[in-house]
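There are 4 protein chains.
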Amino acid sequence: MARKLRMGMVGGGIGSFIGDVHRKAAAIDGMIELVCGAFSSTEEKSIASGKDLNLNESRCYKTFEDMIHKEQELPEDVRMDFVAIVTPNHMHFPPAKMALENGFHVICDKPVTLTLEEATELETVIKNSGKLFALTHNYTGNSMVKQAKAMIAKGELGKIRKIQAQYLQGWLSTSLEKTGQKQAAWRTDPKRSGIGGALGDIGTHAENLIEYITGLKIEEIAADLGVFGEGRVLDDDGNMLIRMENGAKGSISISQIALGEENNLSVRVYGEKGSLEWHQENPNELITRWLEEPKKIYTPNGNGLHAEALEVSRIPSGHPEGYLEAFATIYKNFAKHILAFNTGETIKKPDYPTIEDGIRGMKFIYAAVESDKNNTAWTKI
Amino acid sequence: MARKLRMGMVGGGIGSFIGDVHRKAAAIDGMIELVCGAFSSTEEKSIASGKDLNLNESRCYKTFEDMIHKEQELPEDVRMDFVAIVTPNHMHFPPAKMALENGFHVICDKPVTLTLEEATELETVIKNSGKLFALTHNYTGNSMVKQAKAMIAKGELGKIRKIQAQYLQGWLSTSLEKTGQKQAAWRTDPKRSGIGGALGDIGTHAENLIEYITGLKIEEIAADLGVFGEGRVLDDDGNMLIRMENGAKGSISISQIALGEENNLSVRVYGEKGSLEWHQENPNELITRWLEEPKKIYTPNGNGLHAEALEVSRIPSGHPEGYLEAFATIYKNFAKHILAFNTGETIKKPDYPTIEDGIRGMKFIYAAVESDKNNTAWTKI
Amino acid sequence: MARKLRMGMVGGGIGSFIGDVHRKAAAIDGMIELVCGAFSSTEEKSIASGKDLNLNESRCYKTFEDMIHKEQELPEDVRMDFVAIVTPNHMHFPPAKMALENGFHVICDKPVTLTLEEATELETVIKNSGKLFALTHNYTGNSMVKQAKAMIAKGELGKIRKIQAQYLQGWLSTSLEKTGQKQAAWRTDPKRSGIGGALGDIGTHAENLIEYITGLKIEEIAADLGVFGEGRVLDDDGNMLIRMENGAKGSISISQIALGEENNLSVRVYGEKGSLEWHQENPNELITRWLEEPKKIYTPNGNGLHAEALEVSRIPSGHPEGYLEAFATIYKNFAKHILAFNTGETIKKPDYPTIEDGIRGMKFIYAAVESDKNNTAWTKI
Amino acid sequence: MARKLRMGMVGGGIGSFIGDVHRKAAAIDGMIELVCGAFSSTEEKSIASGKDLNLNESRCYKTFEDMIHKEQELPEDVRMDFVAIVTPNHMHFPPAKMALENGFHVICDKPVTLTLEEATELETVIKNSGKLFALTHNYTGNSMVKQAKAMIAKGELGKIRKIQAQYLQGWLSTSLEKTGQKQAAWRTDPKRSGIGGALGDIGTHAENLIEYITGLKIEEIAADLGVFGEGRVLDDDGNMLIRMENGAKGSISISQIALGEENNLSVRVYGEKGSLEWHQENPNELITRWLEEPKKIYTPNGNGLHAEALEVSRIPSGHPEGYLEAFATIYKNFAKHILAFNTGETIKKPDYPTIEDGIRGMKFIYAAVESDKNNTAWTKI
């Protein structure tokens, strides 16, 4: 008989955006329960957060080190199975490394680490630990993104020629970080965010989505980054050209100063036989175009889908699937993998992002920053 | 300190659509855990379903009577707090009545009962029990529906003049019930569905949405029901005119043979000062129109919303909220009410549908069927 | 060698909306030139209007009688070929009758006449005259409307089961007619408009579009008309149920008090094999749905169209066709017919609305008004 | 009293796409009549084309030289007023120069000439001739484009920070030019098209639209052009970064191999106070976003527009304006200017594109090609 997996969380205290998202996403499918956490940088806040989440106070830890050590000492059928890391970027690597080295699987928010060096080191840590590692590039969990990937993998679009991606937000149009808003504060701070601002926060999602959907690597990039917010040191905007390994060309536009945009992640892919278009803000449509046929629009659980898309839907077509459901799919697939791992069952790895995606993301950030410093020179990823 | 509420479920065994929806909706906010259930009409299936849900076998019951009796005997801090009823319509009333009379709160799918008589009797049962009762008219949980209601309540649209609602599906375009498909089978069977087919299944949602958003009652109805599927006895289509208590006029169109429609519930409301439009399949937009200003489009957690809309969003604007989140809002508000009830705290009733909505729905079904029999004569609700 | 047809106009003086539309529509294809007109009820205004249109003063007439008589006396290669009637409804029949009886073809705005009696008399006049008569139900000139009609005629949607049409405007939400606005004044005046208000002005378009697209007649109607504007005597709103000759059912909603709606004419048709949806405000899309295939969206001059749709497009796909182009298609087809008529060539009648459409429209108005008087009783058209 | 202006045409024989567009656009407003033309490279085809257009054979000329000479000899009240040039790019300069030097105004398709040298020479020719010159960057004629320009000019969006434009077509996805298709043949031939393929054909529209709407010049460009069609020598795709004179940054993506795209010209502009978005394929909407208010959508002749937008609409809001109407606005404004010029009246120049726009377009093409040759180096325009 299966059982619910037990999750411990690092970060995600009261007021956190992404911690709450991870908890809800983990809860939806009834496969995971939150049992402990080191939710905040102070013990007091961590306990308050844990209580708020109906946790036993004894399992609200003051630090992630504390959590990992104490949980290890608990009986096997009580202690956490895996750690979810939802802290700012600079606090991804330390808990991930320690958790893995102490026998826990890890699921971590993106970008995977503060630096590329950490990312490559983490890859080694994972390999040596023999444990599983997932990265929450959540948009790949969308039904229509799965359909897009499947269509291209099966050759329905033919050879890919052109790619356009954009990830536009407007929430940093004003100097929000000066108002004490926490989300803005750490994202604009290189010590906590790394060398990329918008690049790391949303650019990596765009990069990941392109490579996930097309199955092609971005080979080189020419970037023109913008720093529009007064006093900022990290990019809050970027316009980039890309060349893919197969000869396709394209562009990526990202911004957190695109005033009025909410969370406009979109991608268009043009092939020799067909093309497709997906918009995260209206995720329940995949628009496809063809040489001789009219435009066809696919919907989750709707007509004509591939199995890869059908299997992620939880509800009938016409019942909108949102951001949390896609996020939950990453957790569900990771949980399936852990369950098989625990029982020694050999299964095909369920579809979720891993350290490889994380390293690609870091290389993307580094290449874009380098290109920008060199006045937009083409730079290999 | 708060604690997770414990839920017992009636119906919703393996393969059920709506049972799974209820479970996921109940899980999202981390306030509720499923602890027991009588999931199916046979003990074997019920246990199999419960195990599949990681329940302890001892709490997988063969009947709802069994569940209610046995749970009552468990210690107070173990036994279920409330019962969720997710069976076909004819099996709503018996477990609801018994649960309430034995001290459990109840949340029930719609339409509330098989007959109007049952519905009015249930109202008495609820009153006498002193317990809480919620009905899952889930669409009222949408952020943009809350915004629509708030705008009208505050008079921003002026006096309402015209209303159009439609709830169009196409899944019964063919004789699906003859293929053994369970969802189709009971919905087309008057013994399990009641006197309304599409009327009960989706018409009540349209009726409820109209009355919820406008705060106005439908006074009378003139209905032309259709039975298009071969061999069917219940309506699978309906075109209706309505007159509201304030003099507004309008129409409701419902169908389960509107081929190709997935779950197209839409409503338009026109007032003397403004108007609005909402489409369930693209729920993250509320379109509003004005005498002298351009069209304005509201989004969940976006600019310019009323508190009623803001408080239901779990994620930032631009992150799509789907069907499950709206459904979860019904559960969340019901759970909040139970928690306050349990602690004796007096709070303003959180916003969730109740038996009154259920009785309105049954009266709507009855009036529509009667009008249709009388060649579309105007019939009071 | 072909030549430009010469058009005389009745009505459409300075400040007229629909007169200008007719002139532009007639001009687009270079097949017609305006040569004369009786543009207004006073000689002075008529001449001023004609001058404004670069007409020779000698051909700006004070009355339509004057125009018809004087033009008849001109040499055959100078005098007008046909008359375009763009006056308020009460002034359709007199000039149409006189023009036809004096040897001129006629193209007339809708509804065809003030009363049903006039319409049937006009049918006789046309027959006796041997001349051609066109009615400007302009929306049938849209490429996507042609495609919809062709798809249904070829059986692609199977037997039609359900129809929904709406024509919603908001421009009479306030008492515009009391401000001296001419368009509003005559449309709310039964002496000039007839027994239908919104019914005649826009309801007939909805009715015509339904019958045109489906090839089916509306058999009976149950109407609930609304008169919301203060002091109005004619309907400014209506909700109607319809039953088609083949057993299909449906509804029509019209309004001129649907605040904020601009010109929202939409139609949905559901068959046993497919369905379609068209919205006038976004005319360059025909949305179709299918049992087993994804939604397909057709565009003017785009992929997969029938010849009937292709032949009305003047520009490549992706170049939006607007209201005027569809209107122009009525003129173009009428002009083609006149050219063939003039040369004695026998051709298949080009596709444009005629007196039959006009009579159907009048019967629709009369049936709706009668049904409404009888408290929404089903009334044959 | 005004009179219709007389137009002579160079190019645009039977089968031409753009010639027909110009004729229809010129006809709509009743201000212009086509009186003569040199429609084709052979006398026979030119005459056949003219006859087809109901022209007198005597005014169907075999060459543009012939036309200009012969028309000059006609009486002033008969001869053409201006010349419309609708030939492939290499045949813009010669007839434009000759017409201007012989006293005729000229309206010309874009890009203005084959080479930048010709463009600058043409500027001198125009100045010396004292005649008027218009360039048909037709998209600037759209109501919503006028509104966008006016909003930015009035400071409503604040300082502009980010711009994205795309012009995507798919019609050259296959080797159409090898099939004998004329439109494809000359556009892929550098002798007739110039050094830019898609760059000249559609890239200049994107560039023009950006500069028109924002009132800002593109200062430099970094371009990565693509040549995907087998055997092609000119670009059929391009991805470009731009930097504006005020410090704004952005990107332009163009393609004629974006399979399935019809005529997707879109632009997004983000400022410090607001942002806007316009899509040519759905031209009757201008989407605007704001710091604290919900999204607002403007429509032609709808609520809240500036005079600049209102004055180009010919029909009420909700009646879609298409490609031809926008094109016609260029002709209308040019005609107004000629009429004033002819009568010696001094008026504010009506809003239509001129040689300055043409030179900007040529510089854009040249800078993009140079940047592409230098591996995407930033290049001044």
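Chains as they are written, first to last, in the numbering used here: chain A, 1 to 381; chain B, 1 to 381; chain C, 1 to 381; chain D, 1 to 381. Don't be surprised by glycine CBs; every beta carbon is placed ideally from N, CA and C. Just so we're clear, the structure is a prediction, and the values are computed from it rather than from any experiment.
**Report entry** Beta carbon proximity, Gly-322 (chain C) to chain D, threshold 8 Å
**Finding:** Here residue 322 (chain C) is taken as the residue at index 322 of the third sequence, counted from 1. Yes, Gly-322 (chain C) counts as interfacial toward chain D.
Query raised in the report: Hey, does Tyr-298 (chain A) have any beta-carbon neighbour from chain C nearer than 8 Å?
Result: Within the first sequence, numbered from 1, the residue matching residue 298 (chain A) stands at position 298. True, the Cβ-Cβ gap to chain C drops below 8 Å.
**Report entry** Inter-residue spacing [alpha-carbon to alpha-carbon] between Asn-282 (chain A) and Glu-219 (chain A)
**Finding:** In the first sequence, the residue the question calls residue 282 (chain A) occupies position 282. In the first sequence, the residue the question calls residue 219 (chain A) occupies position 219. Each residue's alpha carbon lies about 29 Å from the other.
Report task. Select from the region 356-374 of chain A all residues with a C-beta closer than 9 Å to any C-beta belonging to chain D, and list them in chain order. Result -> none
Query - Ala-307 (chain A) classed as buried or exposed, judged by whether at least 16 other C-beta atoms fall within 10 angstroms - result: Here the question's residue 307 (chain A) lines up with position 307 in the first sequence. The residue is exposed, with fewer than 16 neighbouring Cβ atoms inside 10 Å.
Query - Simplified DSSP assignment, three categories, for Ile-210 (chain B) - result: Counting from one through the second sequence, the residue named residue 210 (chain B) turns up at place 210. Helix, per DSSP.
Query - Within 8 Å of chain B by C-beta, residues of the region 10-26 of chain A in sequence order - result: Phe-17, Asp-20, Val-21, Arg-23, Lys-24
Query raised in the report: Is it buried or exposed for Gly-344 (chain B), if we count other Cβ within 10 angstroms and need 16 for buried?
Result: Mapped onto the second sequence, residue 344 (chain B) falls at position 344. Classification of Gly-344 (chain B): exposed, given that the 10 Å Cβ count is below 16.
Query - Within chain A, the residues that Glu-281 (chain B) reaches when beta carbons sit closer than 9 Å - result: Translated into positions along the second sequence, residue 281 (chain B) becomes position 281. The answer, in chain order, is Asn-284, Thr-299, Gly-318, His-319, Pro-320.
Query raised in the report: Do the region 331-341 of chain B and the region 27-45 of chain B touch if we need at least three Cβ pairs shorter than 8 Å?
Result: yes
Report task. May I ask which residues mark the beginning and end of the beta strand (DSSP E) holding Met-7 (chain A)? Result -> Residue 7 (chain A) sits at position 7 when you count from the first residue of the first sequence. Element bounds for Met-7 (chain A): 5-10.
Report task. Kindly say whether Ile-202 (chain D), judged by its beta-carbon, lies nearer than 8 Å to any beta-carbon of chain C. Result -> Locating residue 202 (chain D) in the fourth sequence gives position 202, where the first residue counts as 1. Closer than 8 Å: no.
Query raised in the report: If you draw a straight line from the alpha carbon of Thr-376 (chain D) to that of Ile-163 (chain D), how long is it in whole angstroms?
Result: Residue mapping note: residue 376 (chain D) aligns to position 376 of the fourth sequence, counting from 1. Residue mapping note: residue 163 (chain D) aligns to position 163 of the fourth sequence, counting from 1. Near 19 Å, if we compare the C-alpha coordinates of Ile-163 (chain D) and Thr-376 (chain D).
Query raised in the report: Okay, do the region 196-203 of chain A and the region 252-272 of chain A touch, 3+ Cβ pairs below 8 Å being the bar?
Result: yes
Query raised in the report: Once you ignore the five residues that flank Trp-290 (chain C) on each side, which residues in its own chain have a CB closer than 6 Å to its CB?
Result: Locating residue 290 (chain C) in the third sequence gives position 290, counting from the first residue. Only Gly-274 meet the Cβ criterion.
Query raised in the report: What are the start and end residues of the beta strand (DSSP E) that includes Ala-307 (chain C)?
Result: Taking the third sequence and counting its residues from 1, the one referred to as residue 307 (chain C) is at position 307. It is not in any beta strand (DSSP E) - Ala-307 (chain C) instead sits in the alpha helix (DSSP H) that spans 307-310.
**Report entry** Within chain A, partners of Leu-53 (chain B) - CB distance below 8 Å
**Finding:** The count along the second sequence starts at 1 and reaches residue 53 (chain B) at position 53. Those within 8 Å of Leu-53 (chain B) in chain A are Gly-30.
Report task. List the residues of chain A that Lys-249 (chain D) touches, going by C-beta distances under 8 Å, in chain order. Result -> The sequence position of residue 249 (chain D) within the fourth sequence is 249, counting from 1. In chain order: Asp-224, Gly-226, Asp-237, Asn-239.
Query - Spatial distance of Met-244 (chain A) from Ile-68 (chain D) (CA atoms) - result: Position 244 of the first sequence, counted from the first residue, corresponds to residue 244 (chain A). Position 68 of the fourth sequence, counted from the first residue, corresponds to residue 68 (chain D). Looking at the two C-alpha atoms, the distance is approximately 53 Å.
Query raised in the report: Between His-90 (chain D) and Ser-193 (chain D), what straight-line distance do the alpha-carbon atoms span, to the nearest angstrom?
Result: Sequence index remark: in the fourth sequence, residue 90 (chain D) carries index 90 (1-based). Sequence index remark: in the fourth sequence, residue 193 (chain D) carries index 193 (1-based). Approximately 6 Å between the Cα atoms of the pair.
Query raised in the report: What alpha helix (DSSP H) runs, 4 residues minimum, are completely inside the region 93-158 of chain A?
Result: 93-101, 116-129, 143-153
Query raised in the report: Using a Cβ-Cβ cut-off of 6 Å (strictly less than) and excluding sequence neighbours within five positions of Gly-118 (chain C), which residues of its own chain qualify?
Result: Looking up residue 118 (chain C) in the third sequence gives position 118. Position check: residue 118 (chain C) holds Glu in this sequence, whereas Gly was assumed. Cβ neighbours of Glu-118 (chain C) beyond the five flanking positions: Phe-93.
Requested in this report: Just mark Gln-72 (chain B) as buried or exposed, buried being the case when its beta carbon has 16 or more other beta carbons within 10 Å.
Outcome: Stepping through the second sequence from its first residue, residue 72 (chain B) is reached at position 72. Answer is exposed; the Cβ neighbour count stays below 16.
Query raised in the report: Under the rule that 16 or more other beta-carbon atoms within 10 Å means buried, what is Asn-138 (chain B), buried or exposed?
Result: The count along the second sequence starts at 1 and reaches residue 138 (chain B) at position 138. So Asn-138 (chain B) ends up on the buried side.
Requested in this report: Spell out the partners DSSP gives Ala-223 (chain B) in its beta bridges.
Outcome: Against the second sequence, residue 223 (chain B) aligns to sequence position 223. Paired residue(s): B:Met-240.
Requested in this report: Check whether the Cβ atoms of Leu-5 (chain B) and Phe-82 (chain B) lie closer than 8 Å to each other.
Outcome: Here residue 5 (chain B) refers to the residue found at position 5 of the second sequence. Here residue 82 (chain B) refers to the residue found at position 82 of the second sequence. Yes, Cβ-Cβ distance for Leu-5 (chain B) and Phe-82 (chain B) is below 8 Å.
Query raised in the report: Is DSSP giving Glu-370 (chain B) helix, strand or coil here?
Result: As a first step, residue 370 (chain B) is located in the second sequence; it is residue number 370 there, counting from the start. It is helical.
Query raised in the report: For Val-86 (chain B), which residues of its own chain have a beta-carbon under 6 Å away from its beta-carbon, when the five flanking residues on both sides are left out?
Result: To locate residue 86 (chain B), count along the second sequence from 1; it is residue 86. Excluding residues within five positions, the ones whose Cβ falls inside 6 Å are Gly-11, Gly-12, Ile-18, Gly-19, His-22, Asp-109.
Requested in this report: Have a look at Lys-62 (chain A) and Ser-49 (chain A) and give me their C-alpha separation to the nearest angstrom.
Outcome: Residue mapping note: residue 62 (chain A) aligns to position 62 of the first sequence, counting from 1. Residue mapping note: residue 49 (chain A) aligns to position 49 of the first sequence, counting from 1. Those two C-alpha atoms are separated by around 11 Å.
Report task. Can you tell me the Cβ-Cβ gap for Met-362 (chain C) and Val-112 (chain C), rounded? I've got them flagged as a contact below 8 Å. Result -> Here residue 362 (chain C) is taken as the residue at index 362 of the third sequence, counted from 1. Here residue 112 (chain C) is taken as the residue at index 112 of the third sequence, counted from 1. The pair is a contact, with the Cβ atoms about 6 Å apart (cut-off 8 Å).
Requested in this report: List the residues of chain A that Arg-59 (chain B) touches, going by C-beta distances under 7 Å, in chain order.
Outcome: Sequence index remark: in the second sequence, residue 59 (chain B) carries index 59 (1-based). Going along chain A, no residue has its Cβ under 7 Å from Arg-59 (chain B), so there is no contact; the nearest lies around 14 Å.
Requested in this report: Give a yes or no on whether the C-beta atoms belonging to Leu-168 (chain A) and Leu-276 (chain A) are separated by under 8 Å.
Outcome: Locating residue 168 (chain A) in the first sequence gives position 168, counting from the first residue. Locating residue 276 (chain A) in the first sequence gives position 276, counting from the first residue. For Leu-168 (chain A) and Leu-276 (chain A), no; Cβs fall outside 8 Å.
Query raised in the report: When the cut-off is 8 Å and only beta carbons count, does Glu-262 (chain D) lie next to chain C?
Result: Here residue 262 (chain D) refers to the residue found at position 262 when the fourth sequence is read from its first residue. Taking Cβ atoms only, chain C reaches closer than 8 Å to Glu-262 (chain D), which makes this a yes.
Requested in this report: Would you decide whether Pro-353 (chain D) is buried or exposed? Buried here means 16 or more other CB atoms lie within 10 Å of its CB.
Outcome: As a first step, residue 353 (chain D) is located in the fourth sequence; it is residue number 353 there, counting from the start. When all chains shown are included, Pro-353 (chain D) counts as buried.
Query - 6 Å CB neighbourhood of Ala-287 (chain B) in its chain, flanking five on each side removed - result: Locating residue 287 (chain B) in the second sequence gives position 287, counting from the first residue. The sequence given here places Ile at residue 287 (chain B); Ala does not occur at that position. These residues qualify, in order along the chain: Glu-277, Ile-297.
Query raised in the report: Within the 8 Å Cβ cut-off, does Met-1 (chain C) reach chain D?
Result: As a first step, residue 1 (chain C) must be located in the third sequence, where it is residue number 1. Only weak support exists for where Met-1 (chain C) lies, its pLDDT of 45 falling under 50; the coordinates are left without a value.
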